[in-house]
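Working notes, structure below.
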Amino acid sequence: MKIRMVNSGVFTPIDDIQATLTAPEQGFYWIDADAEDLNILQPLFSLHDLAVEDCLSEEEQRPKIEIYEDHYFIVINSIRFDDEEIFLRSLSVFLGRNYIITVTNQKINELRTLKPILWEQEVSEPDRFLYLLIDLVVDNYFSVGDRIEAKIEKLEEDILMHTKKSHLIEIIGLRSEILWLKKVLGPQKEVINILNKKDLRLIDDQLQKYFSDIYENAVKIAETFETYRDLMGNLREAYQSSIANRANEIMRVFTAITTIFIPLTLITGIYGMNFTNMPELDMKYGYFMIIGIMATLGFGMFLIFRKKDWI
Amino acid sequence: MKIRMVNSGVFTPIDDIQATLTAPEQGFYWIDADAEDLNILQPLFSLHDLAVEDCLSEEEQRPKIEIYEDHYFIVINSIRFDDEEIFLRSLSVFLGRNYIITVTNQKINELRTLKPILWEQEVSEPDRFLYLLIDLVVDNYFSVGDRIEAKIEKLEEDILMHTKKSHLIEIIGLRSEILWLKKVLGPQKEVINILNKKDLRLIDDQLQKYFSDIYENAVKIAETFETYRDLMGNLREAYQSSIANRANEIMRVFTAITTIFIPLTLITGIYGMNFTNMPELDMKYGYFMIIGIMATLGFGMFLIFRKKDWI
Amino acid sequence: MKIRMVNSGVFTPIDDIQATLTAPEQGFYWIDADAEDLNILQPLFSLHDLAVEDCLSEEEQRPKIEIYEDHYFIVINSIRFDDEEIFLRSLSVFLGRNYIITVTNQKINELRTLKPILWEQEVSEPDRFLYLLIDLVVDNYFSVGDRIEAKIEKLEEDILMHTKKSHLIEIIGLRSEILWLKKVLGPQKEVINILNKKDLRLIDDQLQKYFSDIYENAVKIAETFETYRDLMGNLREAYQSSIANRANEIMRVFTAITTIFIPLTLITGIYGMNFTNMPELDMKYGYFMIIGIMATLGFGMFLIFRKKDWI
Amino acid sequence: MKIRMVNSGVFTPIDDIQATLTAPEQGFYWIDADAEDLNILQPLFSLHDLAVEDCLSEEEQRPKIEIYEDHYFIVINSIRFDDEEIFLRSLSVFLGRNYIITVTNQKINELRTLKPILWEQEVSEPDRFLYLLIDLVVDNYFSVGDRIEAKIEKLEEDILMHTKKSHLIEIIGLRSEILWLKKVLGPQKEVINILNKKDLRLIDDQLQKYFSDIYENAVKIAETFETYRDLMGNLREAYQSSIANRANEIMRVFTAITTIFIPLTLITGIYGMNFTNMPELDMKYGYFMIIGIMATLGFGMFLIFRKKDWI
Amino acid sequence: MKIRMVNSGVFTPIDDIQATLTAPEQGFYWIDADAEDLNILQPLFSLHDLAVEDCLSEEEQRPKIEIYEDHYFIVINSIRFDDEEIFLRSLSVFLGRNYIITVTNQKINELRTLKPILWEQEVSEPDRFLYLLIDLVVDNYFSVGDRIEAKIEKLEEDILMHTKKSHLIEIIGLRSEILWLKKVLGPQKEVINILNKKDLRLIDDQLQKYFSDIYENAVKIAETFETYRDLMGNLREAYQSSIANRANEIMRVFTAITTIFIPLTLITGIYGMNFTNMPELDMKYGYFMIIGIMATLGFGMFLIFRKKDWI
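Residue numbers (this note's numbering), protein chains in the order written: chain A, -7 to 303; chain B, -7 to 303; chain C, -7 to 303; chain D, -7 to 303; chain E, -7 to 303.
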């Protein structure tokens, strides 16, 4: 647990916080806690029982916002693209009049990125901290979206060039990734919309219009993901068509082989007939001539088909 | 029939209701009735004949709203997802100045859920009761929508992985479920729109904007269901393509077998010809050599095709 | 021809109408005429020549509105779904300051439905009559739309379950029905838009917003029909895919038969070869053994294919 | 070259025009010229050099509007559907304060249609003339659109009923016609938008809202053509599916023939084997019995396939 | 490096610029520099370090705008279609109160086109210069869009007429070109939106509405490119269908050949049977008759198939 008195040099020991909570005019506390620290923090900031319970729970938390008497409890999902895989981290935030508590069980990149910004921009209200944090979180969705788009395009090109059966697995994998992100983004968007629209006491009116920018971005991301879903449909179609065409190619080769051999078989059939009077049969080199004719015919058909680009 | 004096401890026997109807400043009556109770209630609240008739009728009621002199009659459809099946329940509501009568023939979850909320939120007007009720009803559509979406996604994945003929039945079933819900939702949306837009005497102006929130939700649900319809079209397409591709696979195997055997047949045809001078025929082990050659050739073709991943 | 003094008990003989036309404060005339009656009515109401000519013409009239000095001439198309067929009826209306003349050559349901409403709602202006009439007309398009949607859904299900060639005829029929309705609705929408938007002297400003409701409905219907067109495209696709898949099934059976017989033919080819030294040929029961082997092999292949669900 | 003093009986010889140009309060000149007349007109009206050059050029002019000091130069494309072909005519217009010069090299229907309207509506300003002219031009696009839609629908029905290879040529032809019109309409729309939006000195403010009506129509047409493009995509799809299905039908017949003959060939193979002990071979009518059996078998298979509707 | 005192005849040597920078009432400096010139210019105009660094970097710059104390740094991408290939050039601009510095490493057409316009339109503010420049840049995207559209249409027609395998390469190439442009346009649009929306000190309020026109155009282009993406999907589909149909055609020919030969093979099979009593075998010209019959039959089938347009 790290406690920082943002925008004020003074460091306050954890036990004195309560005293200063009532009137820190020159800044606010940012407490970067993990779930277990809440046991200490709850009595100090009188955090709501249900919210603390949520943080302590092992389960994945869905994005939500709870409005309590003198603080808000916000859960949002941070996203990270690592090693071609997408990771989701729940980030819980308690926002009070002059403190903000971020609760995470795993390191979250956005918090690290946020630190220098806080000092540089001379942030002095917790609601502005919240805005910057959520902005960073939402921005990350864009870059994840870009990565997914790149993956889709790569896959589409691969499918068109050399379809493989394994592409189906990739399509299904990518598709469920997109659906999963779409599902995550839904409630997140709702949380941001509440910050944007509702008349919230702890969030400055001036600031609210910035949240509306974030909301617009969230909507844009959701639309993009909707588009990806359609693109996946196209991909599925391209794959199935490619597979069908490839199957057709093979069939064509098979059929071509049959088509070359059937006339030759007819010739052998002819000289296998038992007519009494078949002059060719008694010619000395009849057999060899016929073999020669058959070879010529077969090879000729092969050449014609090849020239016509049929096989 | 259960009568409750909401937000006031006083219990009024059914026969005294009429007396108190004129001036219960501190709350309103909620009467949770079934259709038969209406015979008693109709004279007390002078409910409109046509509305009562509708409630008593055996037929499924479509969502609607009727505006009478001093009360409204509203029918909405509650939805429930149980055991992978969707159930629809008609819920009729009589809304008066200081009473609300809910008429149901089957238990409706939303009413049960509503009870604690009424007390907790200190609801003291019947129109607010109506708002909370319809809000719950509409919210349930969302969760039904989620379940349907999950079903669609599961089915799509199944189809892409291992298409079975039975999937067609599932597609048709799911598709008609969606169409049915779309049809149910249409008039429901209209009812909510009237509550939202029209200038209704019995509904507080302040409250009306809340109805507009519900209406937005209803519109969102309707759009979602429209999307599901499109998704079902994609599913149908994916199924048909998959079936076609699978048929192609089998055809390919068949054709491959034919293609392997045809050249062998040609060889037998050759040695079945009746030429006088065919030296091989008189070789001692000619027959066995040819059998060997044929076996080698056939097996060789099989190996080549397999290696090329053609069969 | 029926003349009614709407909202006033007084009946006026046709010849006296002109006298009262100038100042009937307490109501308006509704004259339910057929085309021939116009010969009598034209001089009385000084109806415009071109309008009367249109009514008398045998040809189908397209919806339109003509603004004349002291009356409007409106043609709209009423629609009726009867015995699974759609019928279109032209309905011509002359709207004056205190009269409305409806000209029809066939009975039109909407007029019959309108009568009780007129009395019930105490309609006392001709423009309100017009509003109610057009509202009824447009409402009927909704129910026709519903029927068409039901037809489409039924057809889609039929096609997916058991595709028949006759379905193509049904698709084409339904499709041209939809295109025809779309074409009818276009100018109708324009007429309503003029009633809604333009500043018309004979139509009360208050009433105009009601026309805007009708216009919204007309737009909604037009959009629905646009959707139906898309649905028909899907249907065509589903049909063609189904037909293709069914053809594939049959091909598969054919190919399977060939595939079973080709190896057997090879065996007969082998024993048809003329090698001198083929020990099997001289075995006493060689022939019967080979026939047995062939039968076993053929039947075995059949069983394997069946078990793999290939035929 | 025809000069008309619109809305004023006075005819002015071409040489006196300049004199009256400064103050013709009661009307305006309409000069219906061809390109060569411009040599005479240019000095009189001091038309801009570049504009006159454009008119004289042999090349097809793209729709555009040029704003000069005291006159505007407008080029629009008139469209005509004649003998199932679409013709495009450039129409150049010089609009001055009290004159309008229309320059055409071929007869343009819209000008002919316009003449009676000018007199009937007592048009007395050149900008209103321009409005009426462009309105007529744009209206013609609608009817061309209708014709194209009719062509598309006819073609779609033809394709679904009896696909022919020639349909592909028709699709491609229709498709490029639509693309060509779309390209023509683009800059035309821009010209109208400028007349509609920009603050133009020579066009009355009152009139500008009428141009906005035309612009709306132009937008509607452009959207319609966008739709046609999609419809052509569907048509292409329908054609390709139909062709594929028809090919499948033929393949099926071929395969059916093969399937009927293969078992018969097996029988001949059996009796062509050289086993010593094959009792049937020595039966007197063995040969004829086998021929009979083969005929029966072949015909039987044919009947079965036919009955199953497989061929 | 060329320095111009736009809209003022005075030429200022580079070293005196700083002196005049404070008060050049009658114009502004346009300095057309390349990256290396920045070493001289940076101290004179106190350009921001990071911006200069960006210009000097070898890497391709993404479009962006940076707002510094007394100047803005803007990067946009100019596009050029040359020899059927699309080239992208980064163009960096420093905008100050009375100077504009354009930094390019390659010649950019837009700057050349801009020169005469500057003098003609008597541009006297640097922000207006910026507007004209960006307008030209964005306009070029339209013409690139047109070229791409033409390419798509040409390719579509080619594919429909004579599908070749090489078309797939063209589709993939065109597709990635479109995706690449879409990606370039995205941040460009954002830059223009900032110029359009944000309250920027160095850009005149009057001018801002012109930037809004450019933004509209940029949005239109982005939408067009979105459409192209869809069109590429259609193209892919058309290609795959065409390839499939072409494969079907070939298969049909193959199958037709087989179908013609199989019955002939049956005949040879019949006369290859070893029945003792087969009268035809001993007829003198039996063999030749059978050969004749087979030839007739084969040729007859060929004619029938050809007449039915099956091969």
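Every residue, glycine too, gets a C-beta built ideally from N, C-alpha and C.
- Message: For A/Ile32, tell me which candidate among A/Ile93, A/Asp74, A/Glu76, A/Ile71 has the shortest Cα-Cα distance.
- Response: A/Ile93
- Item | Where E/Asn97 sits in the DSSP three-state scheme | coil
- For A/Arg193: DSSP bridge partner residues: In the DSSP output, where bridge partners are listed per residue, A/Arg193 has none listed.
- Task: Provide the residue span of the alpha helix (DSSP H) that contains A/Val44, from first to last.
- Result: 41 to 48
- Contact between the segment 270 to 280 of chain D and the segment 265 to 279 of chain E (3+ Cβ pairs under 8 Å): yes
- Below 8 Å on the Cβ atoms is my guess for D/Leu80 versus D/Val211; work out the distance and round it to an integer in Å. Contact between D/Leu80 and D/Val211 does not hold, since their C-beta atoms are separated by about 20 Å, which reaches or exceeds 8 Å.
- Task: Say yes only if the C-beta of B/Ile163 is nearer than 8 Å to one or more non-hydrogen atoms of the ligand NAP, and no if none qualify.
- Result: The ligand content of the structure shown is nil, which means the ligand NAP is not present either.
- Taking all protein chains shown into account, decide if B/Ala142 is buried (16 or more other Cβ within 10 angstroms of its Cβ) or exposed. exposed
- Query: To the nearest whole angstrom, what separates the beta carbons of B/Asp62 and B/Gln53, a pair I think is in contact under 8 Å?
  - Reply: Contact flag wrong, Cβ pair sits at about 22 Å.
- 9 Å Cβ cut-off: residues of chain A touching E/Arg193: Under the 9 Å cutoff, chain A gives no residues; its nearest Cβ is about 20 Å from E/Arg193.
- Could you tell me the distance, in whole angstroms, from the CA atom of A/Lys157 to the CA atom of B/Val95? 58 Å
- Within 9 Å (strictly less), CB to CB, does B/Gln232 reach chain C? yes
- Item | Cβ shell of B/Tyr60 (< 6 Å), same chain only, five flanking positions each side left out | His40
- D/Glu58, enclosing beta strand (DSSP E) - first and last residue: 56 to 59
- Looking at the unbroken beta strand (DSSP E) that takes in B/Asp24, where does it start and where does it end? 20 to 25
- Query: CA-CA distance, B/Leu194 and B/Phe20?
  - Reply: Answer to the nearest angstrom: the Cα atoms are 13 Å apart.
- 9 Å Cβ cutoff, E/Ile305 in contact with chain A: For residue 305 of chain E there is no data in the structure shown, the boundaries of chain E being -7 and 303.
- Query: Among the residues of its own chain, which have a CB less than 7 Å from the CB of B/Asp150, if the five just before and after it don't count?
  - Reply: His159
- Message: Only counting the same chain, and skipping five residues up and downstream in sequence, which positions put a Cβ closer than 7 Å to that of D/Ser204?
- Response: Short of 7 Å from the beta carbon of D/Ser204, and not among the five residues preceding or following it, lie these beta carbons of its own chain, in chain order: Asn188.
- Query: What in chain D is Cβ-close to C/Ile249, meaning under 8 Å?
  - Reply: Thr251, Ile254, Pro255
- Query: To the nearest whole angstrom, what separates the beta carbons of D/Asp119 and D/Leu87, a pair I think is in contact under 8 Å?
  - Reply: 7 Å
- Query: Given a threshold of 16 other Cβ atoms within 10 Å of its Cβ, counted over all protein chains shown, does A/Glu117 qualify as buried or as exposed?
  - Reply: buried
- Query: Assuming E/Val115 and E/Leu125 make a contact with CB atoms under 8 Å, what is their CB distance in whole Å?
  - Reply: A Cβ-Cβ distance of about 10 Å is found for the pair E/Val115 and E/Leu125, leaving them out of contact under the 8 Å criterion.
- Item | Straight-line gap, D/Asp197 to B/Asn90 (C-alpha atoms, nearest Å) | 57 Å
- Item | Cα-Cα separation between E/Ile140 and D/Glu145, rounded to whole angstroms | 29 Å
- Thinking C-alpha only, which one of A/Leu258, A/Phe294, A/Leu103 is nearest A/Trp22? Check the Cα spacing between A/Trp22 and each of A/Leu258, A/Phe294, A/Leu103: the tightest is with A/Leu103.
- Do you know offhand how far C/Ile242's Cα is from D/Ala239's? For C/Ile242 and D/Ala239, the distance between alpha carbons rounds to 14 Å.
- Give the single residue among D/Glu169, D/Ile163, D/Gly290, D/Val136 whose Cα lies nearest to the Cα of D/Asp74. D/Val136
- Message: My output table needs one value for C/Ser264: the three-state DSSP class, helix, strand or coil.
- Response: Looking at the sequence itself, residue 264 of chain C is Gly, so the reference to Ser does not match. DSSP places C/Gly264 in coil when its eight states are reduced to three.
- At which residues does the beta strand (DSSP E) containing E/Asn69 begin and terminate? 63 to 74
- Item | Residues, ordered as in the chain, of the segment 204 to 236 of chain C that lie near chain D by beta-carbon distance below 8 Å | Gly225, Arg228, Glu229, Gln232, Ser233, Ile235, Ala236
- Message: Quick check on this structure: which residue in B/Phe297, B/Glu169, B/Tyr202, B/Ile164 has the alpha carbon closest to the alpha carbon of B/Tyr231?
- Response: B/Ile164
- Alpha carbon to alpha carbon, what distance is there between E/Ala236 and E/Phe253? 26 Å
- Message: Can you pull the chain A neighbours of E/Phe246, defined as C-beta to C-beta under 7 Å?
- Response: Thr247, Ala248, Thr251
- Express the C-alpha separation of C/Pro255 and C/Leu289 in angstroms, rounding to a whole number. 9 Å
- Item | Nearest-angstrom Cα separation, counted from D/Glu229 out to A/Ile259 | 44 Å
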